[in-house]
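In what follows, a structure is listed as structure tokens, so that the remarks can point back to it.
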Amino acid sequence: MYEEAPSRDVPGAVLWRTTARGGSAVLPDGCMDLLWVDGRLLVAGPDTGPHPAGEIPGGAFAGIRFAPGTAPALLGVPAHALRDRRVELADLWPARETRRASGLVEAYGDAREGLEALARTRAATAAAPDPLAAEVVARLGAGEAVAAIARAAGLGERQLHRRSLAAFGYGPRTLGRILRLRRALALALARAGLPYAEVACVAGYADQAHLAREVRALAGTTLRAYAAGADGAKSETPEPSGSRTTA
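See below:
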């Protein structure tokens with residue numbers, strides 16, 4: 312079972328829940344998640360490759376998946392410090408603050424609502440996300456080159472890379488590859504039977520071979536296997552998350 316819905320109170324965030332089941336992988340999507348797993352709060356950092364869905368033990372999972380670049384300000388930790396990691400929130404926040412956060416989530420009958428309330432409470436006092444992050448995501452999604460994005464932002468490419476590390480966990484080129492992968496996976500699912508050469512063209516790859524290499528490198532699978540339902544998506548769950556179909 313997997314359910315998700317957009318957050319009403321946290322812009323760009325998605326609330327989800329699932330029960331554990333093995334057999335698939337969590338794929339990179341440029342996002343970070345705050346998780347509630349059997350009474351524990353954890354953070355799933357930004358991924359650069361597939362992670363086994365069962366690497367966090369538990370029977371029931373709830374989460375809030377933040378839009379790319381928005382979680383570091385709420386959590387108070389730069390994204391690169393959590394890259395490819397699953398971390399107990401208690402390892403990031405003071406003990407008293409973590410206990411208060413856990414109590415807030417527990418006070419709700421639906422842990423997703425508790426996570427949303429926690430994020431909303433943090434947002435009221437935390438610094439705003441880097442405003443450059445949303446622009447970088449939008450421009451990468453439109454297929455702009457990193458050099459052009461840096462020029463538009465009035466930055467050097469090294470400066471853009473440093474700010475991207477803090478916001479996304481990796482540089483803009485890696486983020487661009489991941490977002491392009493999500494577009495390709497979403498297209499392959501939404502339009503079953505579409506030739507993979509056309510998927511490659513629409514998603515922004517040089518050709519079908521380029522698409523195949525990137526799917527293998529970032530997702531550890533093939534597009535055919537993914538489209539057949541053999542692999543999952545980012546959300547610390549084997550069930551397909553919204554990032555599987557909407558990037």
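Quick note: the sequence shown uses the working numbering, first residue 312, plus one each step.
We treat Cβ as the ideally placed atom computed from N, Cα and C, and that holds for glycine.
Could you have a look at residue i and say whether DSSP puts it in helix, strand or coil?
i	result
Pro-363	strand
Tyr-313	strand
Gly-504	coil
Arg-396	coil
Pro-322	coil
Gly-487	helix
Thr-329	strand
Ala-336	strand
Please go through the same chain and pick out, in chain order, the residues whose beta-carbon is closer than 8 Å to the beta-carbon of residue i, but skip the five residues on each side of it.
i	result
Glu-417	Gly-350 and Gly-425
Leu-415	Gly-425, Ala-428, Leu-429 and Thr-432
Leu-522	Ala-495, Tyr-507, Val-510, Ala-511, Ala-514, Tyr-516 and Leu-534
Take residue i and list the residues in its own chain whose beta-carbon comes closer than 6 Å to its own, dropping the five residues that flank it on each side.
i	result
Ala-378	Gly-323
Thr-409	Leu-400 and Ala-401
Tyr-419	Gly-425
Val-388	Leu-403
Gly-553	For Gly-553, the pLDDT reaches just 34, beneath the cut-off of 50, and the residue's location in the model is therefore unreliable, leaving the point undetermined.
Rounded to whole angstroms, how far is the Cβ of residue i from the Cβ of residue j, which I believe are closer than 8 Å?
i	j	result
Ala-538	Ala-503	7 Å
Val-354	Met-343	7 Å
Arg-423	Arg-328	6 Å
Ala-499	Leu-529	The Cβ separation is near 14 Å, so there is no contact.
By Cβ distance, which residues of its chain are closer than 7 Å to residue i, with the 5 residues on each side in sequence left out?
i	result
Gly-454	Gly-515
Gly-341	Pro-357, Pro-379, Phe-479, Leu-486, Ile-489 and Leu-490
With a threshold of 16 other CB atoms inside 10 Å of the CB of residue i, please say whether the residue is buried or exposed.
i	result
Glu-427	buried
Thr-381	buried
Val-513	exposed
His-362	buried
Locate the beta strand (DSSP E) running through residue i, then write down its first and last residues.
i	result
Val-354	351–355
Leu-346	343–348
Gly-374	371–377
At which residues does the alpha helix (DSSP H) containing residue i begin and terminate?
i	result
Val-447	442–452
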